[in-house]
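Before any comments, here is the structure.
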DNA sequence: GACGGAGTAGAATGATCGTTCTACTCTCTT
DNA sequence: AAGAGAGTAGAACGATCATTCTACTCCGTC
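Protein chains in written order, with my numbering: chain X, 1 to 203; chain B, 204 to 406.
What follows is the structure, encoded as structure tokens:
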């Protein structure tokens, strides 16, 4: 009697979790973790508070899972963008073309995992960020191996520095050519690796 | 009569602002901006709330000023660490030796400005972060010029990518050799710049 | 057709947020 | 000597925080 004619706003159970995670991912990427309150997540996802806490024990767990999903989605996008190019040097170039596209998007706000790791010192969120960077490095390693790079593992760690550095320069420094700069250095990297395999002295 | 014998806990006016900024800088570097409440700043600095709001209109202004001071201190440390080495390639090496030292410190928590920029989307805090990266790039440019690099400005933007990338790999990825990797790439960078000044095709 | 699980709406909790205010004390200046 | 300015301590404000709870509705299944 208190609510005479309630509309049927109830969502299908299967969609609740998905929408919850999608909205959470978007909000924390746009505004940061701490700045995103549960009220906002409730309002924009249309999922009731009670339902959220049925799926996730705490906000931290929700955020960690949303980031894990972003890891999945971002890596899928990145890999498929790179694999439009054939293996070898063209695919290496495609890495930075994909980054350049990403940087120029309107809603580009840096790397969600770098941002998250900068906001929380330790805990599951930081672990997800570290896992993402490891997965990215592993993929870079496979691309470098296709280029015939000796010691692709080492070169992948180098390449990851170039990728992350480009992200920071694009986001914080506003460098619109960051991806191109990183691409040029990556080119030098694989060229040197192929020409002379091991020159003992570093720098 | 309500406070019969209050101890003389009053600080010298000159020291209040300095201590306030020092404590704020430390807290936001360690725990992030949003996670650091004014209560904590009050407690750890010993500065009364009223006094804080005499110096700064809002928390945001306090944080921005604390970051501006960190910019000053960090750059002074960095430049003086680099200038223990003579100009030219040795000083370029010293850049990454300084970074390696920094990364291995117990309280290393990444770059305060990258962290801050990742936490807030826009506003004065983000501006301070961008200004810091510009100042760092300008110094890198001067070091590269001393190395005889043609187009030091472009190379400085490249070098900044290496520096920031190394910071991220060290902090997020836990790569303990990030500084050494970046140093090797920086070496390749200046070598290529010096040998062949302009090869038209990029990558 | 009744029941239980999972959904919604939204009030309520206690804590903490940034900010303001009152009351008092110290110190310098005139 | 007195007053002004700047400090401290800490209560108080309203807003918002994450989390819990009550009350109700839908839907699939015995």
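Think of the CB as a built atom: it goes at the ideal place given N, C-alpha and C, for glycine as much as any other residue. For clarity, every value in this text was computed on a predicted model and none was experimentally measured.
Assign residue i to one of three DSSP states: helix, strand, or coil.
i	result
residue 312/B	coil
residue 15/X	helix
residue 227/B	helix
residue 404/B	Interpretation of residue 404/B is limited by its pLDDT of 47, a score under 50 that renders its predicted location unreliable; the figure taken from the coordinates is listed afterwards. The answer is coil: DSSP assigns residue 404/B none of H, G, I, E or B.
residue 147/X	coil
residue 31/X	helix
residue 209/B	Because the pLDDT of residue 209/B is 42, which lies under 50, any placement of that residue in the model is unreliable, and the number read from its coordinates should be weighed accordingly. The answer is coil: DSSP assigns residue 209/B none of H, G, I, E or B.
residue 323/B	coil
residue 175/X	coil
residue 163/X	helix
residue 328/B	helix
residue 272/B	helix
residue 103/X	helix
residue 36/X	coil
residue 286/B	coil
residue 357/B	helix
residue 250/B	coil
residue 299/B	helix
residue 260/B	coil
Is it true that the CB of residue j sits closer than 8 Å to the CB of residue i?
i	j	result
residue 161/X	residue 381/B	yes
residue 321/B	residue 110/X	yes
residue 270/B	residue 219/B	no
residue 189/B	residue 278/B	As displayed, chain B neither begins before 204 nor continues past 406, which places residue 189/B out of reach and without an answer.
residue 168/X	residue 371/B	yes
residue 92/X	residue 388/B	no
With a CB to CB cut of under 8 Å and the five nearest residues on each side skipped, what residues in its chain are close to residue i?
i	result
residue 205/X	Because chain X is modelled from 1 through 203, residue 205/X falls outside the range shown and cannot be assessed.
residue 38/X	49, 52, 59
residue 11/X	19, 46, 47
residue 257/B	none
Residue i to residue j, Cα distance in whole Å?
i	j	result
residue 331/B	residue 14/X	45 Å
residue 243/B	residue 350/B	46 Å
residue 164/X	residue 367/B	7 Å
residue 176/X	residue 233/B	30 Å
residue 315/B	residue 229/B	10 Å
residue 121/X	residue 131/X	15 Å
residue 274/B	residue 383/B	24 Å
residue 266/B	residue 61/X	29 Å
residue 35/X	residue 238/B	10 Å
residue 153/X	residue 123/X	27 Å
residue 90/X	residue 174/X	27 Å
residue 69/X	residue 289/B	49 Å
residue 394/B	residue 369/B	20 Å
residue 276/B	residue 73/X	40 Å
residue 390/B	residue 187/X	14 Å
residue 77/X	residue 114/X	18 Å
residue 307/B	residue 104/X	35 Å
Kindly list the residues whose CB is nearer than 7 Å to the CB of residue i, restricted to its own chain and excluding five residues on each side of it in sequence; keep chain order.
i	result
residue 268/B	224, 259
residue 319/B	236, 270, 328, 332
residue 158/X	189
Below 6 Å CB to CB, which residues in the same chain sit around residue i once its five sequence neighbours on both sides are set aside?
i	result
residue 45/X	19, 20, 23
residue 359/B	340, 343, 344, 347
residue 42/X	49
residue 106/X	none
Does any heavy atom of the ligand NAP sit closer than 7 Å to the C-beta of residue i?
i	result
residue 384/B	This structure simply doesn't include the ligand NAP, nor any ligand for that matter.
Quiz item: Three or more beta-carbon pairs under 8 Å between the region 91-99 of chain X and the region 63-82 of chain X, yes or no?
Solution: As far as the Cβ criterion goes, the region 91-99 of chain X touches the region 63-82 of chain X, which means the pair count is three or higher.
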